[in-house]
Amino acid sequence: MEIKVKTTHNHQMIDITHDVENAVHESGITDGIVIIFNPHTTGAVTINEGADPAVISDILKSLSELIPGHAAYNHLEGNSDAHIKSALMGSDRVVIIRKGKLLLGTWQKIFFCEFDGPRDRKIQLKIIAG
Amino acid sequence: MEIKVKTTHNHQMIDITHDVENAVHESGITDGIVIIFNPHTTGAVTINEGADPAVISDILKSLSELIPGHAAYNHLEGNSDAHIKSALMGSDRVVIIRKGKLLLGTWQKIFFCEFDGPRDRKIQLKIIAG
Amino acid sequence: MEIKVKTTHNHQMIDITHDVENAVHESGITDGIVIIFNPHTTGAVTINEGADPAVISDILKSLSELIPGHAAYNHLEGNSDAHIKSALMGSDRVVIIRKGKLLLGTWQKIFFCEFDGPRDRKIQLKIIAG
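In the order they appear, the protein sequences are chains V, S and D.
Positions 1 to 130 (this note's numbering) are the ones given, in order, by the first sequence.
Positions 1 to 130 (this note's numbering) are the ones given, in order, by the second sequence.
Positions 1 to 130 (this note's numbering) are the ones given, in order, by the third sequence.
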């Protein structure tokens with residue numbers, strides 16, 4: 001199972017919660033876990049507040065203050081900051097499935113993080129029953 | 001399965017290793033994995049040294065130096081730093097279960113991270129046999 | 001299953017992808033997930049670009065700029081920075097196994113991160129079929 005995402009900005013967080021929910025629903029698995037895996041070295045997957053878009057803009061702004069886009073990097077493709085942000089945020093998350101639903105908190109949404117867009121991206125999913 | 005935690009400070013790391021161990025013991029599952037999932041957007045789950053409490057105080061202090069509590073944030077609830085720290089530390093961890101025990105390192109403990117307390121919190125657990 | 005790593009520097013990222021691939025191959029499991037768990041409180045596991053070694057040197061350099069080796073830390077063993085970096089990078093990663101192969105992106109490799117070496121380290125693996 002795979003989610004396709006087309007990012008439109010250089011830095012962006014895109015809510016993929018509904019896509020993950022749909023994949024879980026289609027699998028027919030009602031109890032277990034779902035692994036959300038980002039295969040891109042300049043992207044990441046994270047879980048945070050989806051209600052106020054200011055939260056994700058603060059996360060992206062803070063990351064760029066910590067990891068500047070231009071600095072004395074060794075990697076010459078101009079996207080070292082994106083690789084470092086990817087490492088800090090993490091490639092994968094695991095969410096519990098209970099009674100057919102994602103066991104997320106009230107305010108939690110699952111986001112694909114783009115740090116070197118715009119690009120066509122895909123996110124891999126795997127559901128394990130249990 | 002759910003662990004309830006009552007935090008007493010604004011920033012705090014609470015050792016929940018025994019609660020996770022108890023849940024694994026009660027499940028009767030001796031080989032597999034346990035997912036420790038934090039459903040709060042201003043909390044996190046991490047694994048680090050539990051022997052010297054100075055380690056966790058250094059982690060919290062360093063995070064607050066990197067992500068100040070008060071800055072030019074867009075989110076107006078006054079807890080943007082907590083959301084950003086939650087994103088950096090991560091919502092979930094996976095620990096291996098072998099012969100009925102958590103396969104943690106000698107010095108490792110599992111911590112719930114509070115970044116916007118004091119609050120009543122809960123952590124979700126899921127055990128997968130395998 | 002266990003991967004042994006002998007680090008040779010104080011800070012180092014070591015590509016363990018082939019070891020994880022070998023363990024998956026030997027397990028005979030063709031579909032599921034593999035958990036890569038670091039049991040050391042001054043190490044981590046991360047997934048990032050393996051093609052250009054400048055990427056991992058930029059990650060290590062950037063981490064050390066954010067978390068200096070010497071600062072007003074409470075922990076007196078002189079390796080507080082290593083514990084903090086371990087917390088930021090994370091103790092574990094989960095990779096999907098499909099048709100007997102790790103479902104990594106084109107440029108992704110799995111790295112053990114050493115932040116307090118040189119040391120003899122081990123990484124625990126667990127494969128769950130599904």
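Note that the Cβ used here is the ideal one computed from N, Cα and C, for glycine as well.
Determine, for residue i, whether the minimum Cβ-Cβ distance to residues of chain S falls below 8 Å.
{"i": "V55(D)", "result": "no"}
{"i": "R119(V)", "result": "no"}
{"i": "L103(V)", "result": "yes"}
{"i": "K99(D)", "result": "no"}
{"i": "L66(V)", "result": "yes"}
{"i": "S47(V)", "result": "The question names Ser, but residue 47(V) is Ile in the sequence shown. Cβ-Cβ to chain S under 8 Å: yes for I47(V)."}
{"i": "I96(V)", "result": "yes"}
{"i": "I84(V)", "result": "no"}
So what does DSSP say about residue i, is it helix, strand or coil?
{"i": "T46(V)", "result": "strand"}
{"i": "E114(D)", "result": "strand"}
{"i": "D15(D)", "result": "strand"}
Pick from the options: whose alpha carbon is nearest that of residue i?
{"i": "I67(V)", "options": "H18(D), L63(D) and G117(D)", "result": "L63(D)"}
{"i": "K101(D)", "options": "W107(D), G32(D), M1(D) and I3(D)", "result": "G32(D)"}
{"i": "K109(D)", "options": "P53(D), K99(D) and K85(D)", "result": "P53(D)"}
{"i": "A72(S)", "options": "G78(V), E65(V), H75(V) and A72(V)", "result": "E65(V)"}
{"i": "C113(V)", "options": "G43(S), H11(S) and A87(S)", "result": "A87(S)"}
{"i": "D15(D)", "options": "N79(D), E26(D) and S57(D)", "result": "S57(D)"}
{"i": "D116(V)", "options": "M1(V), T8(V) and K4(V)", "result": "T8(V)"}
{"i": "M89(D)", "options": "N48(D), V20(D) and A23(D)", "result": "N48(D)"}
{"i": "A129(V)", "options": "V5(V), H25(V) and D19(V)", "result": "H25(V)"}
{"i": "D120(V)", "options": "D19(V), G50(V) and G43(V)", "result": "G43(V)"}
{"i": "N10(D)", "options": "N79(D), L103(D), E21(D) and T17(D)", "result": "N79(D)"}
{"i": "L125(D)", "options": "M13(D), P39(D), Q12(D) and K6(D)", "result": "P39(D)"}
{"i": "H75(V)", "options": "L76(D), N74(D) and I59(D)", "result": "I59(D)"}
{"i": "L103(S)", "options": "G69(S), S27(S), E21(S) and H70(S)", "result": "E21(S)"}
{"i": "S27(S)", "options": "V5(S), K6(S) and K99(S)", "result": "K99(S)"}
{"i": "I127(S)", "options": "V55(S), K6(S) and V34(S)", "result": "V34(S)"}
{"i": "D81(S)", "options": "V55(S), T41(S), G105(S) and P118(S)", "result": "T41(S)"}
Let me see if you follow: with CB-CB separation under 8 Å, is residue i close to chain V or not?
{"i": "D19(D)", "result": "no"}
{"i": "G69(D)", "result": "no"}
{"i": "H9(S)", "result": "no"}
{"i": "S27(D)", "result": "no"}
{"i": "T42(D)", "result": "no"}
{"i": "A138(S)", "result": "Residue 138(S) is absent from the structure shown; chain S starts at 1 and stops at 130."}
{"i": "L88(D)", "result": "yes"}
{"i": "I124(S)", "result": "Contrary to the premise, residue 124(S) reads as Gln rather than Ile in this sequence. Yes, contact with chain V."}
{"i": "I35(S)", "result": "yes"}
{"i": "D140(D)", "result": "Any answer about residue 140(D) is impossible in this case: the structure gives chain D only from 1 up to 130."}
From which residue to which residue does the beta strand (DSSP E) around residue i run?
{"i": "I3(S)", "result": "E2 to K6"}
{"i": "D92(V)", "result": "D92 to R98"}
{"i": "A129(V)", "result": "D120 to A129"}
{"i": "I84(V)", "result": "Run containing I84(V): none in the beta strand (DSSP E); it sits in the alpha helix (DSSP H), S80 to M89."}
{"i": "I33(S)", "result": "G32 to F37"}
On the DSSP letters alone, give me the boundaries of the alpha helix (DSSP H) that residue i sits inside.
{"i": "I59(D)", "result": "P53 to L66"}
Assuming residue i contacts residue j (C-beta within less than 8 Å), just tell me the rounded distance between them.
{"i": "I29(D)", "j": "I97(D)", "result": "6 Å"}
{"i": "D92(D)", "j": "V94(S)", "result": "5 Å"}
{"i": "W107(S)", "j": "A51(S)", "result": "6 Å"}
{"i": "K122(S)", "j": "I36(S)", "result": "About 12 Å separates the two Cβ atoms, so there is no contact after all."}
{"i": "F111(D)", "j": "M13(D)", "result": "4 Å"}
By the criterion of Cβ-Cβ separation under 9 Å, what are the contact partners of residue i in chain B?
{"i": "S91(D)", "result": "The structure shown contains no chain B; its protein chains are V, S and D."}
Taking CB distances under 8 Å as the criterion, tell me whether residue i reaches chain D.
{"i": "K61(V)", "result": "no"}
{"i": "F112(V)", "result": "no"}
{"i": "F135(V)", "result": "Look at the range of chain V in this structure, 1 to 130, and you will see that residue 135(V) is not part of it."}
{"i": "A129(V)", "result": "yes"}
{"i": "T30(S)", "result": "no"}
{"i": "Q108(S)", "result": "yes"}
{"i": "D52(S)", "result": "yes"}
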